[in-house]
Ligand SMILES: Cc1cc2nc3c(=O)[nH]c(=O)nc-3n(C[C@H](O)[C@H](O)[C@H](O)COP(=O)(O)OP(=O)(O)OC[C@H]3O[C@@H](n4cnc5c(N)ncnc54)[C@H](O)[C@@H]3O)c2cc1C
Ligand SMILES: Nc1nc2c(ncn2[C@@H]2O[C@H](COP(=O)(O)OP(=O)(O)OP(=O)(O)O)[C@@H](O)[C@H]2O)c(=O)[nH]1
Ligand SMILES: [Mg+2]
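Residue numbers (our numbering), protein chains in the order written: chain W, 468 to 912; chain P, 21 to 220.
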């Protein structure tokens, strides 16, 4: 390891592995290290034995739960928008060949105390109790405006400048009522709270477009989401393989690894087991840079094993349910996420449900109650409260490029923004997903 | 006419750096050999069909992740066969091969996984052999492995190795994944069906 690299990456979480893969593809010499003896860090998927080791040290999982290795339980559960940035990166890097994906059955939303399906077809929309008849007409006009909106074509703007007009004003233009706004903002634009209402409308309109385009992206989707077989832990592994295929060196199980700084405080390498590796810069998750990050939030997550699908989700094998903050008198939404043996994350006839939110009180577990109530009988549950950190600096000065922690949202869009921003800060250029994918370069047949 | 279905089988390569994994695959897939085969970078996924045996191999090379023993579980996932390579001129690579066999048994759920132990560089046997063939054969027999001595360089036993692995694969198609997979790289569904949330 006493060698010189272009980049050293610490931690094999989802974001670090994507960055490592992209840098290796760019031709940089990368050393990628993890303190754990497994890939994935916070974004690993654990089997049942590993879950018990983590949450019930000293206890053995009961036999009723089935074989340990049939479980792949995400520590940070999230679905993937079918037309989102992550899919574009997966296709661009041709990492898809290492992974298999399946559609997520449905997306649901809590509205007036009931769990309702977010309509996936016109017919469902027509029958949906989410809106009254006249409201549906107003909503249809609003959706149609969002869908045809094109930043580069003023004829689609209707003379509104969405970079200035707030989202609240845009809703008002269409006369949407409070329930509709709640549903649109949280279940479709996927905002975590209502702060967006007073901000320019453009980003929200783009999010609504993304939802629609994701829905259309693959034949037969009944939600805008997809999810990999065997859990999200496959993603870091796939990108790590990409990095290795392009020459990246991998070292796991280095518990003592730490960043080395020079007198000026610039990251110049890492040391572990008495050896030092030098690099032009160091990338990593916040846990490797304790003095360079600050806590921004706490997230509480419950992972539950069920022997049935979540009631009121039409027996779906994979669903998301969003509980908008306003419906619960909270400041942050609660997310429910469920998948099953149909995505190879649990033994036959078992479902894994996650409930998560951003902590607002001194009793985080209690905050999950509205989500947990929806699950029916819970066979086993594990609850975790984790701190979310973000870097104090952007890395250009001290050559320490640090990722943000994983938020409570149930999808990857905000995480991908962080990845793309890190890539830009590190390389000084935006990530170009436009240039043809890498398949031809890698195809070896 | 009855058309027999091609069985797609994932085959993983394991073994010490420099034992000749990539050279064996190059020889098998392309009939080529390079004296200065570079340590594997840039291409680590090969496919090769043996039509007579109705097998399509999807061959995974280690991409150097094994150097510090850092292979990901994904590498083994769904493997139908594994080829564990050592260099007959390097006893340490034989010891390492035994570790890989153990690790495979730990990591692969498939009870019918076929493992072939391969002593490569047999063209050097006369002047430089360090691992006696009998030792390796005994170990392979005790452990339930196929055993071959090959040379990627002189093209000895390479076809025989892959043919034998193909013959040993279960005749029935491998247990299928739950259906309904999505091909991410596929173009967008052409005529947009009318979706509810935001269509006109
Ligand atoms: C969650 C959700 C998402 C949606 N997403 C979309 C979308 O993406 N695209 C989209 O097009 N629509 C969307 N809608 C709206 C819904 O799809 C529309 O209701 C649907 O397009 C049917 O439109 P319609 O013109 O038939 O209207 P409806 O309001 O169902 O009216 C049917 C017909 O009756 C007439 N009519 C309506 N009310 C009366 C009345 N009181 N008296 C007499 N005549 C009346 C109307 O003029 C119309 O011709 C959504 C609705 C929901 C709840
Ligand atoms: N004499 C001889 N040399 C061989 C044979 N097979 C491979 N080599 C040489 O051994 C060296 C290593 O071969 P590779 O195929 O790169 O080995 P590898 O196991 O893929 O190595 P890594 O990718 O680094 O893990 C190269 O110089 C090859 O030319 C063989 O059958 N006989
Ligand atoms: Mg190689």
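Note that beta-carbon positions come from the ideal geometry of N, C-alpha and C, so glycine has one too. Note that the structure is a prediction, hence the values are computed from the model and not measured.
- Message: Does the CB of residue 94 of chain P have a neighbour CB from chain W at under 8 Å?
- Response: The residue labelled residue 94 of chain P in the question sits at position 74 within the second chain. The beta carbon of residue 94 of chain P sits closer than 8 Å to some beta carbon of chain W.
- Item | Reference residue 644 of chain W, options W/621, W/599 and W/663, closest by Cα | Mapped onto the first chain, residue 644 of chain W falls at position 177. When W/621, W/599 and W/663 are compared, the shortest CA-CA separation from residue 644 of chain W is found for W/599.
- Message: Going by DSSP, what residue range makes up the beta strand (DSSP E) through residue 770 of chain W?
- Response: On the first chain, residue 770 of chain W is found 303 positions in, with the first residue counted as 1. Where residue 770 of chain W is concerned, the enclosing beta strand (DSSP E) stretches over 760-773.
- Item | Pick from W/498, W/703 and W/505 that is closest to residue 481 of chain W, judged by C-alpha positions | If you number the first chain from 1, residue 481 of chain W lands on position 14. Nearest in C-alpha terms to residue 481 of chain W, of all of W/498, W/703 and W/505, is W/703.
- Item | Under 8 Å from the C-beta of residue 85 of chain P: neighbouring residues of chain W | Along the second chain, one-based indexing puts residue 85 of chain P at 65. Going along chain W in sequence order, the residues near residue 85 of chain P (Cβ under 8 Å) are 707, 708, 711 and 717.
- Task: List the whole-angstrom C-beta distance separating residue 773 of chain W from residue 842 of chain W, where the pair is believed to meet the contact cut-off of C-beta under 8 Å.
- Result: The sequence position of residue 773 of chain W within the first chain is 306, counting from 1. The sequence position of residue 842 of chain W within the first chain is 375, counting from 1. About 6 Å; that satisfies the 8 Å criterion.
- Task: Would you please verify whether the beta carbon of residue 28 of chain P is less than 8 Å from any beta carbon of chain W?
- Result: Along the second chain, read from residue 1 onward, the residue named residue 28 of chain P stands at position 8. Answer no: the Cβ-Cβ gap between residue 28 of chain P and chain W never drops below 8 Å.
- Task: Report the neighbours of residue 994 of chain W on chain P: residues whose CB is nearer than 7 Å to its CB, in chain order.
- Result: Only positions 468 to 912 of chain W appear in the structure, and residue 994 of chain W is not among them; the question remains open.
- Item | Cβ neighbours of residue 31 of chain P in the same chain (closer than 6 Å, five flanking residues each side left out) | In the second chain, the residue the question calls residue 31 of chain P occupies position 11. Answer for residue 31 of chain P: 77, 79 and 101, listed in chain order.
- Please name the residue or residues paired with residue 878 of chain W in a DSSP beta bridge. For the purposes of this step, residue 878 of chain W is taken as the residue at position 411 of the first chain. DSSP lists W/546 as partners of residue 878 of chain W.
- Task: Return the residue from the list P/27, P/38, P/29 and P/203 that minimises the CA-CA distance to residue 110 of chain P.
- Result: Numbered from 1 along the second chain, position 90 holds the residue referred to as residue 110 of chain P. Of the candidates P/27, P/38, P/29 and P/203, the one whose C-alpha sits nearest the C-alpha of residue 110 of chain P is P/38.
- Every unbroken beta strand (DSSP E) within the segment 28-97 of chain P, with a cutoff of 3 residues, ordered by chain: Qualifying beta strand (DSSP E) stretches, in chain order: 65-70 and 75-80.
- Query: When we look at the beta-carbon of residue 215 of chain P and count the other beta-carbons within 10 Å, is it buried (16 or more) or exposed?
  - Reply: Here residue 215 of chain P refers to the residue found at position 195 of the second chain. Its pLDDT being 48, under 50, residue 215 of chain P is placed unreliably in this model, and the coordinates cannot settle the point.
- Distance cut-off 7 Å: residue 179 of chain P Cβ against heavy atoms of ligand 2: The count along the second chain starts at 1 and reaches residue 179 of chain P at position 159. Incorrect: residue 179 of chain P has no Cβ contact closer than 7 Å to ligand 2.
- Query: Under 7 Å from any heavy atom of ligand 3, does the C-beta of residue 620 of chain W make it?
  - Reply: Taking the first residue of the first chain as position 1, residue 620 of chain W is located at position 153. With a cut-off of 7 Å, the C-beta of residue 620 of chain W is classified as distant from ligand 3, since no heavy atom of the ligand falls inside that distance.
- Query: With residue 715 of chain W and residue 497 of chain W assumed to form a contact (beta carbons below 8 Å), what rounded beta-carbon distance in angstroms separates them?
  - Reply: Walking along the first chain from the start, residue 715 of chain W turns up at place 248. Walking along the first chain from the start, residue 497 of chain W turns up at place 30. Rounded to whole angstroms, the Cβ separation of residue 715 of chain W and residue 497 of chain W is 4 Å, and the two are in contact under 8 Å.
- Task: Could you check which residue in W/618, W/887, W/727 and W/883 has the C-alpha nearest to that of residue 548 of chain W?
- Result: What you label residue 548 of chain W is simply residue 81 of the first chain in a count that begins at 1. The shortest Cα separation from residue 548 of chain W among W/618, W/887, W/727 and W/883 belongs to W/883.
- Message: Using a 10 Å radius around the Cβ and a threshold of 16 neighbouring Cβ atoms, would you call residue 917 of chain W buried or exposed?
- Response: Here chain W has residues from 468 to 912 only, and residue 917 of chain W is not among them.
- Query: Got a sec? Which residues, its chain only, sit under 6 Å from residue 195 of chain P by beta carbon, not counting five neighbours each side?
  - Reply: As a first step, residue 195 of chain P is located in the second chain; it is residue number 175 there, counting from the start. Low confidence applies here, because residue 195 of chain P scores a pLDDT of 49, under 50, leaving its location unreliable; read the following figure in that light. Correct list: empty, nothing qualifies.
- Task: Can you tell me which of the three DSSP states residue 598 of chain W falls into?
- Result: As a working note, residue 598 of chain W is residue 131 in the first chain. Annotated three-state conformation of residue 598 of chain W is coil, per DSSP.
- What residue does the beta strand (DSSP E) around residue 718 of chain W start on, and which one ends it? Taking the first chain and counting its residues from 1, the one referred to as residue 718 of chain W is at position 251. Residue 718 of chain W: member of the beta strand (DSSP E) spanning 716-718, first to last residue.
- Quick one: does the C-beta of residue 105 of chain P sit closer than 7 Å to a heavy atom of ligand 2? Numbered from its first residue, the second chain carries residue 105 of chain P at position 85. Yes, since a heavy atom of ligand 2 falls inside the 7 Å radius drawn around the Cβ of residue 105 of chain P.
- Is any heavy atom in ligand 2 found nearer than 7 Å to the beta carbon of residue 43 of chain P? Here the question's residue 43 of chain P lines up with position 23 in the second chain. Yes, the Cβ of residue 43 of chain P comes within 7 Å of a heavy atom of ligand 2.
- Message: For residue 852 of chain W, count the other beta carbons within 10 Å of its own beta carbon; 16 or more makes it buried, fewer makes it exposed. Which is it?
- Response: Residue numbering aside, residue 852 of chain W sits at position 385 when the first chain is read from its first letter. Burial call: exposed.
- Message: I need the DSSP call for residue 499 of chain W, collapsed to helix, strand or coil.
- Response: Locating residue 499 of chain W in the first chain gives position 32, where the first residue counts as 1. In the structure shown, residue 499 of chain W sits in a strand (DSSP, three-state: E or B).
- Query: Exposed or buried, which one is residue 561 of chain W when buried takes at least 16 other CB atoms within 10 Å?
  - Reply: Along the first chain, one-based indexing puts residue 561 of chain W at 94. Its Cβ being crowded by 16 or more others within 10 Å, residue 561 of chain W is buried.
- Query: Between the segment 560-573 of chain W and chain P, which residues of the former have a C-beta closer than 7 Å to a C-beta of the latter?
  - Reply: Residues of the segment 560-573 of chain W with a Cβ closer than 7 Å to any Cβ of chain P, in chain order: 563, 564, 565, 567, 568, 569 and 570.
- Could you tell me the distance, in whole angstroms, from the CA atom of residue 861 of chain W to the CA atom of residue 870 of chain W? To locate residue 861 of chain W, count along the first chain from 1; it is residue 394. To locate residue 870 of chain W, count along the first chain from 1; it is residue 403. A direct Cα-Cα distance of roughly 10 Å separates residue 861 of chain W from residue 870 of chain W.
- Task: Assign residue 197 of chain P to buried or exposed, taking buried as 16 or more other Cβ atoms, counted over all protein chains shown, within 10 Å of its Cβ.
- Result: Here residue 197 of chain P is taken as the residue at index 177 of the second chain, counted from 1. Residue placement at residue 197 of chain P is flagged as unreliable, the pLDDT there being 48, under the threshold of 50; a coordinate-derived value is accordingly withheld.
- Item | residue 498 of chain W at chain P interface by Cβ criterion, 8 Å | For the purposes of this step, residue 498 of chain W is taken as the residue at position 31 of the first chain. Not one chain P Cβ lies under 8 Å of residue 498 of chain W.
- Message: Run through the DSSP bridge pairs and tell me what residue 577 of chain W is partnered with.
- Response: In the first chain, the residue the question calls residue 577 of chain W occupies position 110. According to DSSP, residue 577 of chain W bridges with W/582.
- Task: Helix, strand or coil for residue 828 of chain W, going by three-state DSSP, please let me know.
- Result: Position 361 of the first chain, counted from the first residue, corresponds to residue 828 of chain W. Note: residue 828 of chain W maps to coil in three-state DSSP.
- Query: Which of helix, strand or coil does DSSP assign to residue 182 of chain P?
  - Reply: Start at 1 with the first residue of the second chain, and residue 182 of chain P comes out as number 162. In this structure, residue 182 of chain P counts as helix in the three-state DSSP scheme.
- Item | residue 122 of chain P, buried or exposed, once every other Cβ within 10 Å from all chains shown has been counted against 16 | Taking the second chain and counting its residues from 1, one reaches residue 122 of chain P at position 102. Exposed: under 16 other Cβ atoms inside 10 Å.
- Residue burial classification, residue 514 of chain W (beta-carbon count within 10 angstroms, cutoff 16): What you label residue 514 of chain W is simply residue 47 of the first chain in a count that begins at 1. The residue is buried, with at least 16 neighbouring Cβ atoms inside 10 Å.
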